[in-house]
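In this note's numbering, the protein residues as written are -10 to 438. Heads up, the beta-carbon is just placed ideally off N, CA and C, and yes, glycines get one too.
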């Protein structure tokens, strides 16, 4: 990730080094988040609520469909590539990257064909406003899948620049420039040309990223005849796919169901609240990204006291910035939403509810990543699946009653349930207490915090 060789260290993990690497990752991720947020603001202003809502509806569907298209293989590569490198199994390593890339590519094309046929049939019998944008956006399913696979491959190769910069920094800049140039030649910007621009720019960064990874694969690893262990890879991928699919449902269901039940304008307004609320969880994501290998190292050594110390420390790093961001967003909810346009202020209550759900994330700590990195992902699987199903049911009940506020209630409640449940499993199976309450009130951790 940031060239940390955490798994190779002996002795105690130095928290100062962990903090340093967290800052490096934070700079990259925050830059990307700012660019994505600015892109959303400009698109909302240029396109208006309805067209922006259609655009976001299509993007949400492409992200949702990319999950089954990936088959869980990106995370599988992230797990296995370092193992093959340590064991010097160069044939398996070469086969892993090439074979899994081809699997993702082929499966994405198959899924696109099925989805396109479904859209055409539905539109033939019952014409709907999303048909043309969805058909145009089908290419994004392939691009999203390949981008994610290549991102995780870059992480496994310990090249954070190749992994994250193309999709998180270069792509939003290109889309923003493309939208601006189009605006100079047209009186207004609609969803169809914007989806085409986004797809074209995505294709550029996926091709460039693939070229860079291909060069790295040949220069940093020994050349060998590829060995394709598809059965082994797919056995691992299936568990990870179920988890990833459930997370995809949790993150996209509310926007998709609002677009289906209410309309594209409401989906666009609600999406502004979702994008804004995401600011409260970005520190959690960054810290987890850097600390995850540390969790694995200490748990494998059986050093639970040291693991508790690190968990308590990173929980503090997560919690206090989240509190500060929560106060800021709660105080300036309406001015922030006004950046998207005058009509987006309707999402004020939804934003506040979503922020409170994110606060529970910070209170509970790194529960999800702790379960995965300590080998307990199978035990956490029921939590994620049940939460995803609960989210669908609650959205179906609450959206018709409370509109976008109902979606916010459903999403936040589901988030609270899954965090508390996972927190209990971490205490039971991992043997550490990840909650901020333990960190604040346990005297043994005072010197760490």
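Sequence-distant residues of the same chain with beta carbon closer than 7 Å to residue 44, five excluded per side: 32, 36, 180, 183 and 184
Nearest-angstrom beta carbon gap, residue 262 and residue 343 [assumed within contact, 8 Å]: 6 Å
Residue 207 - containing alpha helix (DSSP H), residue span: 180 to 209
Close Cβ partners of residue 254 (< 6 Å) along its chain, the five nearest in sequence each way excluded: Around residue 254: 38, 39 and 42.
Identity of the residue in 60, 149, 240 and 272 nearest residue 198 by Cα: Comparing Cα-Cα distances from residue 198 to each of 60, 149, 240 and 272, the minimum goes to 149.
Any alpha helix (DSSP H) of 4 or more consecutive residues that is wholly inside the segment 110 to 161: 120 to 145 and 149 to 154
Sequence-distant residues of the same chain with beta carbon closer than 6 Å to residue 105, five excluded per side: 127
Residue 174 versus residue 243: straight-line alpha-carbon distance, rounded: 35 Å
Reduced DSSP secondary structure (H/G/I, E/B, other) of residue 421: Correct three-state label for residue 421: coil.
Residue 390, buried or exposed, once every other Cβ within 10 Å from all chains shown has been counted against 16: exposed
Where residue 243 falls: helix, strand or coil (DSSP): helix
Segment limits, alpha helix (DSSP H) that includes residue 256: 253 to 266
Residue 159 beta carbon near the ligand ZN (any heavy atom closer than 7 Å): Although the ligand ZN was asked about, the structure shown includes no ligands whatsoever.
From 227, 406 and 276, residue whose alpha carbon lies closest to that of residue 57: 227
Other residues of its chain near residue 319: CB distance less than 8 Å, five sequence neighbours each side excluded: 341 and 344
Length of the line joining the Cα atoms of residue 330 and residue 123: 25 Å
Residues near residue 264 by beta carbon distance below 7 Å, same chain, minus five either side: 26 and 29
Per-residue DSSP class, three states only, for residue 72: helix
Neighbour-count burial assignment, residue 153, 16 or more Cβ in a 10 Å radius: buried
Continuous alpha helix (DSSP H) stretch holding residue 308: start and end: 293 to 320
Short Cβ contact (8 Å threshold) for residue 349 with residue 278: Against a cut-off of 8 Å, the Cβ pair of residue 278 and residue 349 comes out as no contact.
Contact set for residue 439: own chain, Cβ-Cβ below 7 Å, skip 5 residues either direction: Here the chain has residues from -10 to 438 only, and residue 439 is not among them.
Beta-carbon contacts of residue 415 that lie in its chain and below 7 Å, excluding the five residues immediately before and after: Cβ neighbours of residue 415 beyond the five flanking positions: 356, 359, 360, 421 and 423.
Span separating the alpha-carbon of residue 133 from that of residue 55: 6 Å
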